[in-house]
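Novice: To start, I am sharing the structure in question, which I have written as structure tokens.
Residue numbers (this note's numbering): 124 to 196.
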């Protein structure tokens, strides 16, 4: 078992809380957190998922649209 000297699990939990508190739609919160659970189940590490949370939260704050309604142009 690896030692978590950077405390990634704690920072992951903090970022998860930040997503829950963010001024984004309920649907986006649900999508982001479901994606995080999927990543954990797939074996992706806490640090990577925490970064995904940050990026997706920032995108939602800037776009002001639900993630599942965005389309590529």
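No residue lacks a Cβ here, since even glycine has one placed at the ideal position from N, Cα and C.
Expressed to the nearest angstrom, what Euclidean distance is found between the alpha-carbon atoms of residue 166 and residue 183?
Specialist: On the chain shown, position 43 is the one that residue 166 refers to. On the chain shown, position 60 is the one that residue 183 refers to. In a straight line, the C-alpha of residue 166 is about 25 angstroms away from that of residue 183.
Novice: Quick check: the Cα distance between residue 162 and residue 151, rounded to an integer number of angstroms?
Specialist: Here residue 162 refers to the residue found at position 39 of the chain shown. Here residue 151 refers to the residue found at position 28 of the chain shown. Their backbone Cα atoms lie some 16 angstroms apart in a straight line.
Novice: Does DSSP classify residue 159 as helix, strand or coil?
Specialist: For this step, residue 159 is matched to residue 36 along the chain shown. Residue 159: helix per DSSP, three-state reduction.
Novice: Would residue 193 be called buried (16 or more neighbouring beta carbons within 10 Å of its own) or exposed?
Specialist: For the purposes of this step, residue 193 is taken as the residue at position 70 of the chain shown. Exposed: under 16 other Cβ atoms inside 10 Å.
Novice: Quick one: what's got a C-beta closer than 7 angstroms to residue 142's C-beta in the same chain, skipping five residues either side?
Specialist: For the purposes of this step, residue 142 is taken as residue 19 along the chain shown, with counting starting at 1. The beta carbon of residue 142 is closer than 7 angstroms to those of 152, 155, 156, 176, 180 in its chain, skipping five residues each way along the sequence.
Novice: If you compare alpha carbons, which of 164, 148, 174 is closest to residue 185?
Specialist: Locating residue 185 in the chain shown gives position 62, counting from the first residue. For the residues 164, 148, 174, the minimum Cα distance to residue 185 belongs to 148.
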